[in-house]
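Have a look at the structure below before the remarks.
In this note's numbering, the protein residues as written are 169 to 556.
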């Protein structure tokens, strides 16, 4: 599914003169109410494709990782033939959690620590105490509950829905909606890049505040001095996601996407001249941000844990030869680490106000933030059982 790349003018530039300058946000209780968060778990995180792990993290058969998705624990492992498999992390005997560690490795099988029911890496029940005396037990039927899994951009995406939505429409479609086509993203060949750095942030803020922050740059001139030095147009308040196909241009004096604007690494071989010296950002709802620059890619994955707590795992990806050579990636890591820290601090300062009577009816969006209104409508439509 490919379309011709386009670059549209911002909505504010073409909106009628009578359009209101300020649009309402969600009300404050949408960021604090445990019942709303439960509905989001059920109707958003447990029904849509969720980016769970980087495929290369599970580098051999038996390697596994457990991931919290909505209210479920999902176990992702690599089977004996090298394929990734995902299951609900629940023993079929009495419901004990099968793997209690976040990550690890087993030799051949997965064994429940409660009653020793044992499953192979494809989820089939292969052993249990006295199982030979129960010949009527169907070992496949009593196997682990499988979870649909797709690999894209070098990550394993899983979906807990009984009937998963189209991956092409909802996940890959986000790249098309943002960049105008899939080819613009494919050129970065993210699946072939290597992990140069991973940082995990425990953010005491609602997941929607983090998405809203990422989608706008009205705050950039205030809290991101390093970023606006490299991407000066961000100081004007228009975010990278405000135009279809648009990438923010580097400052003339910046030679790389680094904390001091100095040179990074050689440009990724697949990208075109029109993508050089530009930054692109993509939001894949409900929990992924993809950041594209000429010499590396940054991927954020959010794991909403509570109404006021979100764990964010951020990966910096480079060409394998850069990582294998032991090259110093600290200057490029430091730039977006500072951006992350500045953004998450702002979200944490905002979270307490969501309970204030001053925010009972919500806040407002200025024209350069109006596109966030579409995200709010998407959330409320999902909770109402509408929309895709």
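Using N, Cα and C, we set each Cβ at its ideal position, and we do this for glycine too. Predicted model, so just to flag it, every value in this text is computed and none were measured.
* Cβ shell of residue 490 (< 6 angstroms), same chain only, five flanking positions each side left out -> Counting only Cβ-Cβ distances below 6 angstroms, and skipping sequence neighbours, we find 433.
* To do: For residue 416, count neighbouring C-beta atoms within 10 Å of its own C-beta (all shown protein chains included) and say buried if the count is 16 or more, exposed if not.
  => With 16 or more other CB atoms across the displayed protein chains lying within 10 angstroms of its CB, residue 416 is buried.
* Looking at C-alpha atoms only, which residue of 246, 276, 286 is the closest neighbour of residue 262? -> Minimum Cα distance to residue 262 is reached at 286.
* Status (buried if at least 16 other CB within 10 Å, exposed otherwise) for residue 208 -> So residue 208 counts as buried.
* residue 422 - containing beta strand (DSSP E), residue span -> First-last for residue 422: undefined, no H or E at that position.
* To do: Could you spell out where the beta strand (DSSP E) holding residue 483 opens and where it closes?
  => Element bounds for residue 483: 477–486.
* Confirm, please, whether the CB-CB distance from residue 225 to residue 253 is below 8 angstroms. => Not a contact, by the Cβ cut-off of 8 angstroms.
* So who's on the other strand from residue 518, going by DSSP bridges? -> As DSSP reads the structure, residue 518 sits in no beta bridge.
* **8 angstroms CB neighbourhood of residue 172 in its chain, flanking five on each side removed** => Because the pLDDT of residue 172 is 32, which lies under 50, any placement of that residue in the model is unreliable, and the number read from its coordinates should be weighed accordingly. Excluding sequence neighbours, residue 172 sits near 348, 349.
* Asked: Buried or exposed: where does residue 328 fall if 16 or more other Cβ atoms within 10 Å of its Cβ makes it buried?
  -> Buried, since its Cβ has 16 or more Cβ neighbours within 10 Å.
* Selected residue, minimal CA-CA separation from residue 475, among 542, 507, 373 -> Checking every option, the nearest Cα to that of residue 475 belongs to 373.
* Quick one, which of 249, 247, 270, 250 has its alpha-carbon nearest residue 257's? -> Comparing Cα positions, the closest option is 270.
* Asked: residue 486 to residue 301, Cα distance in whole Å?
  -> Rounded to whole angstroms, residue 486 to residue 301 spans 54 angstroms at the Cα level.
* Asked: In three-state DSSP terms, what is residue 547?
  -> In the structure shown, residue 547 sits in a helix (DSSP, three-state: H, G or I).
* Beta bridge counterpart(s) of residue 470 as assigned by DSSP -> Residue 470 pairs with 480.
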